[in-house]
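**Student:** My questions will all concern the structure given below.
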Amino acid sequence: MSVWDSYFESPKANRDHVNGNTKNKNIQSLQNGYEEEDQDYLTLFAVGEMLEIGIYLQRKKRLYSLETRRTKHELPVNVISHKQFITYVTKVNLFSDVFINLNNCNEKEYFPCILFKNHFAWIDKDQKEGIYRYFSMEKDGLCRSFSLLDLINIAYPDLTSIELIRVRLIDLLGCDYEENAWDIEQKARQKNNNEFIENSMKEWKVRFPSIYKLTKSYMNILVEMMKNEQIHPPLLKHSYKNMYVVYISTRHLNELIGTDASTISKVINLFSSIGLIHKIPPHDKDFPLELLKIGMNIRASTIEKVEMQKRESKTINKKEGEINCRLITFYTIPKYTDELLTYVEEKARKLLLAKVTNIKKINEKNIAKAFGKVFAKTVFFDHKEITRVVFKRVEITNLKQEITDSDDQDIDEEIPF
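If you count the sequence shown from 1, you need to add 30 to reach the working numbering.
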């Protein structure tokens, strides 16, 4: 099935609301170009795979039936996130705004289908979810419905993800909203950083010798962290101080590059100490609660695994078990500019002056010696304190959610505090 929510629809549910007196003379029928023996579309119609339908129309040279155009559509002011944008564009009739061949097709009126031979079509809001759909069916046959996003996917078979479809629709509608602008900014930062790192070994040796000396053997770790950041589309709700939050485990980095986890941890602390990455304190009140809950779930799963290992083996290191059960650390990666790297170079120089000349010397004591105890705590977290604060915040939030759920259900129950 499509990644969107198209599904087989009972024709009666929507046909009862449709006006059969269509102004046919104002609608260009595109079915004249269909070949008489062209019946293999029926399989695609039944299965409903948007990509396959698009490739099929492309092969039959009929993608012109879904010719799009750019317009200037003003979004409501309350549309600020990707989710709100998707909800809006599927619950407003924008088919005629986007598709030239649907320009004269009135809502709830029949017209010749622009996709399939011997089909008629209409545009209406489905009775189940309130989503506007393009309905297509053969007389007394199956009915198939397509949302606006489905038709975009069919019109552009090269769009292989929801994100790409959304971006294309934003371009066609000539609109923008907060999360999309933030998304573009994050991707521009990622592209900028890739270019900086590609040139790092060539330029840093001369321009930033202290950074070069401390990091030259470990840039592959930073590269993998940057790749990990770019795998998933950034979400504004997962941002911290307007920066996209990322997480990658030392175990995963070990599997990718072969460096042992202990060395990777020290390298990450080095990068954090000089400012190439930022560790996020999860006990900060502004840290996204949803990510905290994800971190807590990962920690609970890890504790369960460690407990099982303890039962099965008497040789497990107690200290190692405690470390593995800490709350995971999240990061942000700043935009690398000449100004930032000048700052990073100065911090790297101070580390070298404090005789922190290699990765083995990266520890809380030496970082405190170079930059002070307060700064050292931003790199080497007090995990017991963090866990206590995070537990309290999550528990309070869960309690509030339980109260809200109870209120929604009109349960008159005394609150136990």
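Beta carbons: idealized from backbone N, C-alpha and C, even for Gly.
Would you tell me roughly how many angstroms separate the C-alpha atoms of F141 and M80, rounded to the nearest one?
**Tutor:** C-alpha separation (whole angstroms): 21 Å.
**Student:** Please identify the residue among F176, K158 and Q157 whose C-alpha is closest to the C-alpha of F165.
**Tutor:** Of the candidates F176, K158 and Q157, the one whose C-alpha sits nearest the C-alpha of F165 is F176.
**Student:** Which residues does DSSP pair with M273 in a beta bridge?
**Tutor:** Looking at the DSSP assignment, M273 forms a beta bridge with Y270.
**Student:** Smallest Cα separation from S279: which of K271, L265 and V297?
**Tutor:** Nearest C-alpha to S279: V297.
**Student:** For K155, list the residues DSSP reports as bridge partners.
**Tutor:** Paired residue(s): Y162.
**Student:** Would DSSP call E139 helix, strand or coil?
**Tutor:** The answer is strand: DSSP assigns E139 an E or B state.
**Student:** Compare the Cα-Cα distances from R99 to each of L124, L87, T117 and R89 and report the closest residue.
**Tutor:** Ranking the options by Cα distance to R99, first place goes to L124.
**Student:** For the beta strand (DSSP E) containing K309, list its first residue and its last residue.
**Tutor:** Here the beta strand (DSSP E) through K309 covers H308 to I310.
**Student:** Check whether the segment 398–414 and the segment 309–321 are in contact - that is, three or more C-beta pairs closer than 8 Å.
**Tutor:** They touch, by the three-pair rule.
**Student:** Residue range of the alpha helix (DSSP H) that S295 falls in?
**Tutor:** Unbroken alpha helix (DSSP H) run through S295: A291 to I304.
**Student:** If L179 and F129 are in contact, beta carbons under 8 Å, what's the gap, nearest whole angstrom?
**Tutor:** That pair is no contact at about 13 Å.
**Student:** Which word fits G402, buried or exposed, when buried means at least 16 other C-beta atoms lie within 10 angstroms of its C-beta?
**Tutor:** Exposed, since its Cβ has fewer than 16 Cβ neighbours within 10 Å.
**Student:** Under DSSP, the alpha helix (DSSP H) around T372 begins and ends at which residues?
**Tutor:** Start and end: D368 to L383.
**Student:** Reducing DSSP to helix, strand and coil, say where T98 ends up.
**Tutor:** In the structure shown, T98 sits in a strand (DSSP, three-state: E or B).
**Student:** Taking S295 and E209 to be in contact with their CB atoms under 8 Å, please state how far apart those CB atoms are, rounded to whole angstroms.
**Tutor:** Actually they do not touch by this definition, with Cβ atoms about 33 Å apart.
**Student:** Could you tell me which of T117, T372, R198 and L322 sits nearest to I417, measuring between CA atoms?
**Tutor:** Residue identity differs from the one stated: residue 417 is Thr in this sequence, not Ile. Considering only alpha carbons, the answer is L322.
**Student:** If Y186 sits next to R198, beta carbons under 8 Å apart, how far is it from one beta carbon to the other, in whole angstroms?
**Tutor:** The Cβ separation is near 6 Å, so the contact holds.
**Student:** Can you tell me the Cα-Cα spacing of M167 and F150, whole angstroms?
**Tutor:** Cα to Cα, M167 sits roughly 6 Å from F150.
**Student:** What is the residue span of the alpha helix (DSSP H) that Y361 lies within?
**Tutor:** Taken as a continuous stretch (DSSP letters only), Y361 belongs to no alpha helix (DSSP H), being part of the beta strand (DSSP E) at F360 to T362.
**Student:** Given this structure, state the Cα-to-Cα distance separating N222 from Y242, to the nearest angstrom.
**Tutor:** Rounded to the nearest angstrom, the two C-alpha atoms are 19 Å apart.
**Student:** Considering just the uninterrupted stretch of the alpha helix (DSSP H) at R174, what are its terminal residues?
**Tutor:** Careful: R174 lies outside any alpha helix (DSSP H), inside the beta strand (DSSP E) at C173 to S177.
**Student:** Going by C-alpha distance, which of M255, S230, S191 and N258 is nearest K246?
**Tutor:** Nearest option by C-alpha distance: S230.
**Student:** Please report the straight-line C-alpha distance between L266 and K158, rounded to a whole angstrom.
**Tutor:** Looking at the two C-alpha atoms, the distance is approximately 30 Å.
**Student:** By DSSP's criteria, F146 is part of a beta bridge. Which residues make up the other side?
**Tutor:** The partner list for F146 (beta bridge, DSSP) is empty, contrary to what the question assumes.
**Student:** Identify which residue in P106, S126 and D127 has its Cα closest to the Cα of T117.
**Tutor:** The shortest Cα separation from T117 among P106, S126 and D127 belongs to P106.
**Student:** Where T387 and S303 are concerned, what is the direct C-alpha to C-alpha distance, given to the nearest angstrom?
**Tutor:** Between T387 and S303, the C-alpha separation is close to 13 Å.
**Student:** Determine the contact status of K399 and A384, defining contact as a CB-CB distance below 8 Å.
**Tutor:** Taking 8 Å as the Cβ cut-off, K399 and A384 qualify as a contacting pair.
**Student:** Which residues does DSSP list as the beta-bridge partners of M167?
**Tutor:** According to DSSP, which records beta bridges pairwise, M167 is partnered with F150 and C173.
**Student:** Among L189, Y366 and T101, which one has its Cα closest to the Cα of G454?
**Tutor:** In the structure as shown, the chain starts at 31 and stops at 447, and residue 454 therefore has no counterpart that could be examined.
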